[in-house]
Amino acid sequence: MSGERPADAPDAGAVDAEPVLRAIRTRRVVRALAEAPVDPEHLRAVLDSVRYAPHAGNRRLHRYVAVTRPGLLRAIRMVSPGMLQHPAAAIVVCVDWAGVRAYGFPESNPGPYIDVGTAAATMLLAAHALGLGAGPVTSFSRAAVAVLLGAPDGVRPELIVCLGHPSPQQPPPVRRTGGPAWDDLVRWEQF
(Lines of atoms letter the chains of each structure in order from A and count residues from 1; the text may use other names and numbers.)
(Lines give C-alpha, C1' and ligand atoms only; values in the text may rest on other atoms or scores of the structure.)
Protein backbone atom coordinates (compact mmCIF):
# COMPACT_ATOMS: atom_id res chain seq x y z
CA MET A 1 0.00 0.00 0.00
CA SER A 2 2.52 2.57 -1.16
CA GLY A 3 -0.03 5.38 -1.59
CA GLU A 4 -1.27 5.33 2.01
CA ARG A 5 0.09 7.54 4.74
CA PRO A 6 1.28 5.74 7.88
CA ALA A 7 -1.11 6.26 10.80
CA ASP A 8 1.53 8.07 12.87
CA ALA A 9 2.69 10.40 10.05
CA PRO A 10 1.65 14.06 10.37
CA ASP A 11 -0.95 15.27 7.89
CA ALA A 12 0.90 17.29 5.25
CA GLY A 13 -2.10 19.64 5.04
CA ALA A 14 -2.28 20.18 8.79
CA VAL A 15 -1.52 23.67 9.99
CA ASP A 16 -0.55 24.76 13.48
CA ALA A 17 -3.21 27.43 13.95
CA GLU A 18 -2.25 28.29 17.52
CA PRO A 19 0.36 30.99 16.70
CA VAL A 20 -2.12 32.81 14.46
CA LEU A 21 -4.96 32.50 16.96
CA ARG A 22 -2.65 33.67 19.77
CA ALA A 23 -1.66 36.71 17.68
CA ILE A 24 -5.32 37.55 17.10
CA ARG A 25 -6.12 37.21 20.81
CA THR A 26 -3.12 39.25 22.01
CA ARG A 27 -3.12 42.10 19.48
CA ARG A 28 -4.25 45.40 21.00
CA VAL A 29 -4.58 48.97 19.84
CA VAL A 30 -1.46 50.65 21.23
CA ARG A 31 -2.18 54.22 22.30
CA ALA A 32 1.24 55.16 23.69
CA LEU A 33 4.28 54.81 21.45
CA ALA A 34 7.94 55.43 22.22
CA GLU A 35 9.94 57.96 20.22
CA ALA A 36 12.29 55.34 18.71
CA PRO A 37 12.06 55.08 14.92
CA VAL A 38 10.55 52.06 13.21
CA ASP A 39 13.14 49.90 11.45
CA PRO A 40 12.67 50.41 7.68
CA GLU A 41 12.61 46.63 7.17
CA HIS A 42 9.79 46.30 9.69
CA LEU A 43 7.86 49.06 7.93
CA ARG A 44 8.39 47.25 4.60
CA ALA A 45 7.20 43.98 6.15
CA VAL A 46 4.00 45.63 7.39
CA LEU A 47 3.43 47.18 3.96
CA ASP A 48 4.21 43.89 2.23
CA SER A 49 1.63 42.08 4.36
CA VAL A 50 -1.14 44.01 2.59
CA ARG A 51 -0.40 42.10 -0.61
CA TYR A 52 -1.88 39.06 1.12
CA ALA A 53 -5.04 40.76 2.40
CA PRO A 54 -8.24 39.96 0.53
CA HIS A 55 -9.17 42.52 -2.13
CA ALA A 56 -12.51 42.41 -3.93
CA GLY A 57 -11.92 40.93 -7.36
CA ASN A 58 -8.17 41.38 -6.79
CA ARG A 59 -8.58 44.79 -8.42
CA ARG A 60 -6.11 46.60 -6.12
CA LEU A 61 -7.94 49.92 -5.99
CA HIS A 62 -6.04 51.08 -2.92
CA ARG A 63 -2.86 53.05 -2.51
CA TYR A 64 -0.67 53.03 0.59
CA VAL A 65 1.47 55.96 1.67
CA ALA A 66 4.17 55.26 4.27
CA VAL A 67 5.04 58.34 6.32
CA THR A 68 8.12 58.54 8.53
CA ARG A 69 9.16 62.21 8.36
CA PRO A 70 8.51 63.73 11.83
CA GLY A 71 7.27 67.06 10.41
CA LEU A 72 4.76 65.38 8.12
CA LEU A 73 3.60 63.08 10.92
CA ARG A 74 3.06 66.16 13.16
CA ALA A 75 1.08 67.89 10.39
CA ILE A 76 -1.11 64.82 9.86
CA ARG A 77 -1.64 64.54 13.61
CA MET A 78 -2.80 68.19 13.71
CA VAL A 79 -5.72 67.33 11.38
CA SER A 80 -6.46 63.96 13.01
CA PRO A 81 -8.40 64.30 16.28
CA GLY A 82 -8.56 60.50 16.51
CA MET A 83 -4.77 60.14 16.50
CA LEU A 84 -4.11 59.91 20.22
CA GLN A 85 -0.69 58.32 19.83
CA HIS A 86 2.47 60.00 18.55
CA PRO A 87 3.53 57.52 15.87
CA ALA A 88 7.08 57.07 14.60
CA ALA A 89 5.53 55.97 11.29
CA ALA A 90 2.12 55.81 9.72
CA ILE A 91 0.58 54.10 6.73
CA VAL A 92 -2.25 56.00 5.09
CA VAL A 93 -4.67 53.72 3.27
CA CYS A 94 -6.23 55.51 0.31
CA VAL A 95 -8.90 54.49 -2.17
CA ASP A 96 -8.46 55.30 -5.85
CA TRP A 97 -12.05 56.40 -6.40
CA ALA A 98 -11.32 57.22 -10.06
CA GLY A 99 -10.29 53.58 -10.46
CA VAL A 100 -13.45 52.46 -8.66
CA ARG A 101 -15.55 54.44 -11.14
CA ALA A 102 -13.49 53.16 -14.08
CA TYR A 103 -14.48 49.63 -13.09
CA GLY A 104 -18.11 50.75 -13.23
CA PHE A 105 -18.71 50.59 -9.50
CA PRO A 106 -20.83 53.31 -7.93
CA GLU A 107 -19.24 55.14 -5.00
CA SER A 108 -21.94 53.56 -2.83
CA ASN A 109 -20.36 50.13 -3.44
CA PRO A 110 -19.08 48.91 -0.04
CA GLY A 111 -16.26 46.80 -1.55
CA PRO A 112 -13.52 49.46 -1.33
CA TYR A 113 -14.32 50.09 2.34
CA ILE A 114 -14.32 46.37 3.12
CA ASP A 115 -10.90 46.16 1.47
CA VAL A 116 -9.68 49.05 3.65
CA GLY A 117 -10.74 46.98 6.66
CA THR A 118 -9.02 43.79 5.50
CA ALA A 119 -5.86 45.76 4.72
CA ALA A 120 -5.92 47.39 8.15
CA ALA A 121 -6.51 44.10 9.99
CA THR A 122 -3.65 42.48 8.09
CA MET A 123 -1.25 45.36 8.82
CA LEU A 124 -2.21 45.43 12.51
CA LEU A 125 -1.47 41.71 12.84
CA ALA A 126 1.80 42.05 10.92
CA ALA A 127 2.90 44.92 13.17
CA HIS A 128 2.01 42.87 16.24
CA ALA A 129 3.99 39.89 14.93
CA LEU A 130 7.02 42.18 14.54
CA GLY A 131 6.70 43.51 18.09
CA LEU A 132 5.45 46.92 16.97
CA GLY A 133 2.59 48.82 18.48
CA ALA A 134 -0.13 49.88 16.08
CA GLY A 135 -3.53 51.48 16.01
CA PRO A 136 -6.03 52.52 13.35
CA VAL A 137 -7.31 56.07 13.02
CA THR A 138 -10.50 56.98 11.18
CA SER A 139 -11.15 60.40 12.71
CA PHE A 140 -9.17 62.78 10.52
CA SER A 141 -9.71 65.37 7.80
CA ARG A 142 -9.53 63.37 4.59
CA ALA A 143 -9.18 66.54 2.54
CA ALA A 144 -6.33 67.91 4.67
CA VAL A 145 -4.41 64.62 4.70
CA ALA A 146 -4.86 64.34 0.90
CA VAL A 147 -3.31 67.80 0.51
CA LEU A 148 -0.45 67.00 2.92
CA LEU A 149 0.34 63.82 0.97
CA GLY A 150 -0.07 65.41 -2.47
CA ALA A 151 -2.69 62.81 -3.38
CA PRO A 152 -3.77 62.89 -7.02
CA ASP A 153 -7.36 63.76 -7.92
CA GLY A 154 -9.70 60.88 -7.22
CA VAL A 155 -7.47 59.31 -4.53
CA ARG A 156 -8.78 59.83 -1.00
CA PRO A 157 -7.28 58.81 2.34
CA GLU A 158 -9.70 56.54 4.23
CA LEU A 159 -7.73 55.18 7.21
CA ILE A 160 -4.40 55.71 8.95
CA VAL A 161 -2.46 52.96 10.70
CA CYS A 162 -0.11 54.42 13.32
CA LEU A 163 3.06 52.45 14.02
CA GLY A 164 5.82 52.57 16.59
CA HIS A 165 7.38 50.78 19.51
CA PRO A 166 4.97 50.37 22.41
CA SER A 167 5.76 52.63 25.32
CA PRO A 168 6.27 50.75 28.60
CA GLN A 169 3.50 52.88 30.14
CA GLN A 170 0.14 52.41 28.41
CA PRO A 171 -3.11 54.14 29.29
CA PRO A 172 -5.61 51.82 30.91
CA PRO A 173 -7.60 49.75 28.42
CA VAL A 174 -10.98 51.05 27.40
CA ARG A 175 -13.43 48.83 29.22
CA ARG A 176 -16.93 48.38 27.95
CA THR A 177 -19.61 48.86 30.54
CA GLY A 178 -23.04 47.43 30.03
CA GLY A 179 -24.17 46.18 26.67
CA PRO A 180 -24.62 42.64 25.47
CA ALA A 181 -22.33 39.75 26.32
CA TRP A 182 -20.44 38.12 23.45
CA ASP A 183 -22.72 35.06 23.47
CA ASP A 184 -25.71 37.39 23.03
CA LEU A 185 -24.24 38.63 19.73
CA VAL A 186 -23.62 35.25 18.11
CA ARG A 187 -26.25 33.05 16.48
CA TRP A 188 -25.87 29.75 14.67
CA GLU A 189 -27.65 29.12 11.36
CA GLN A 190 -30.37 31.76 11.87
CA PHE A 191 -31.64 34.46 14.26
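All letters in the sequence shown, in the order written, are residues 248 to 438 by my numbering. Quick reminder that beta carbons are idealized off the backbone N, C-alpha and C, glycines included. Source: prediction; values computed, not measured.
The stretch 292 to 369 contains, as complete beta strand (DSSP E) runs of 3+ residues, the segments 309 to 314 and 336 to 343 (chain order). Closest in alpha carbon position to Arg274, among Ala368, Glu436 and Asp362, is Ala368. Setting aside the 5 residues that flank it on each side, Ala391 is surrounded in the same chain by Val326, each with a C-beta closer than 7 Å to its C-beta; the list follows chain order. Taken through DSSP and simplified to helix, strand or coil, Arg389 comes out as helix. Taken through DSSP and simplified to helix, strand or coil, Arg423 comes out as coil.
Annotated three-state conformation of Glu405 is strand, per DSSP. About 29 Å separates the Cβ atoms of Gly358 and Val277, ruling out a contact at the 8 Å cut-off. Rounded to whole angstroms, Leu331 and His309 show a C-alpha spacing of 25 Å. According to the DSSP assignment, Pro413 belongs to no alpha helix (DSSP H), since it is labelled neither H nor E. Contact between Pro404 and Leu410 is absent: CB atoms are separated by about 16 Å, not below the 8 Å threshold.
Cβ-Cβ distances below 7 Å link Ser388 to Val326 in the same chain, with the five nearest sequence neighbours on each side left out; the list follows chain order. In summary, Ala283 is exposed, with fewer than 16 beta-carbon neighbours lying within 10 Å of its beta-carbon over all protein chains present.
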